[in-house]
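Okay, so the sequence shown: first residue is 201 according to the numbering used here, each after it adds one.
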Amino acid sequence: MIYALKHGMVVGNHSYSHPDFAEIPYEEGISEIEKCEALLDDIYKKTGVERKYRPFRFPYGSKGGKNEENYEKYFKDRGFSMEDVIKRVHDRDPVSGAMLLEDGTNHIILMHDHEETFAMVPDYYKIMLEHIMENGVSFSVPEFI
Ligand SMILES: [Zn+2]
Numbered sequence: 201m202i203y204a205l206k207h208g209m210v211v212g213n214h215s216y217s218h219p220d221f222a223e224i225p226y227e228e229g230i231s232e233i234e235k236c237e238a239l240l241d242d243i244y245k246k247t248g249v250e251r252k253y254r255p256f257r258f259p260y261g262s263k264g265g266k267n268e269e270n271y272e273k274y275f276k277d278r279g280f281s282m283e284d285v286i287k288r289v290h291d292r293d294p295v296s297g298a299m300l301l302e303d304g305t306n307h308i309i310l311m312h313d314h315e316e317t318f319a320m321v322p323d324y325y326k327i328m329l330e331h332i333m334e335n336g337v338s339f340s341v342p343e344f345i
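This is the structure:
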């Protein structure tokens, strides 16, 4: 992670233990977010990189169920940006200025599979990969491997 931060990548919050936020009490959800924030603040500090941007993405594409509005207010009050991964591939990174679908740029896309994700959004990864490949993205093995 230190290598990634030193090379201008942004590391976001995806919760501490990856629960479904629609299934846990609001207070537990906030604790999940804040435990992960503390780790991120610590590693940014150790790396010496300023943390300008705080993306958060719910596990499993959840929006927090009945607590959705409370979470939205929490994120807004604390300067987070909530992430929709598929929309984000068209955005420019506010820190580095990089855009995923731009010629001559290189990015690491971290996607991790769960049975629950597939149950909630069938073909999620297929949809994501097809979308970015239709927009000109190709894949290669990183040079340091
Ligand atoms: Zn996840």
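Idealized CB from N, CA, C, for every residue including glycine. Given the structure is predicted, the values throughout are model-derived calculations rather than measurements.
- When secondary structure is reduced to three states using DSSP, residue 275 falls in the helix class.
- Per DSSP, the beta bridge partners of residue 255 are 281.
- If you check the C-beta of residue 312 against ligand 1, you find a heavy atom less than 8 Å away.
- Distances from the CB of residue 259 to the heavy atoms of ligand 1 include at least one below 8 Å.
- Following the DSSP letters along the chain, one finds residue 331 inside the alpha helix (DSSP H) bounded by residues 324-334.
- Across the structure, residue 217 and residue 228 are spaced so that their CA atoms are roughly 11 Å apart.
- Listed as beta-bridge partners of residue 213 by DSSP are 256.
- Remark: the shortest separation between the CB of residue 214 and any heavy atom of ligand 1 falls under 8 Å.
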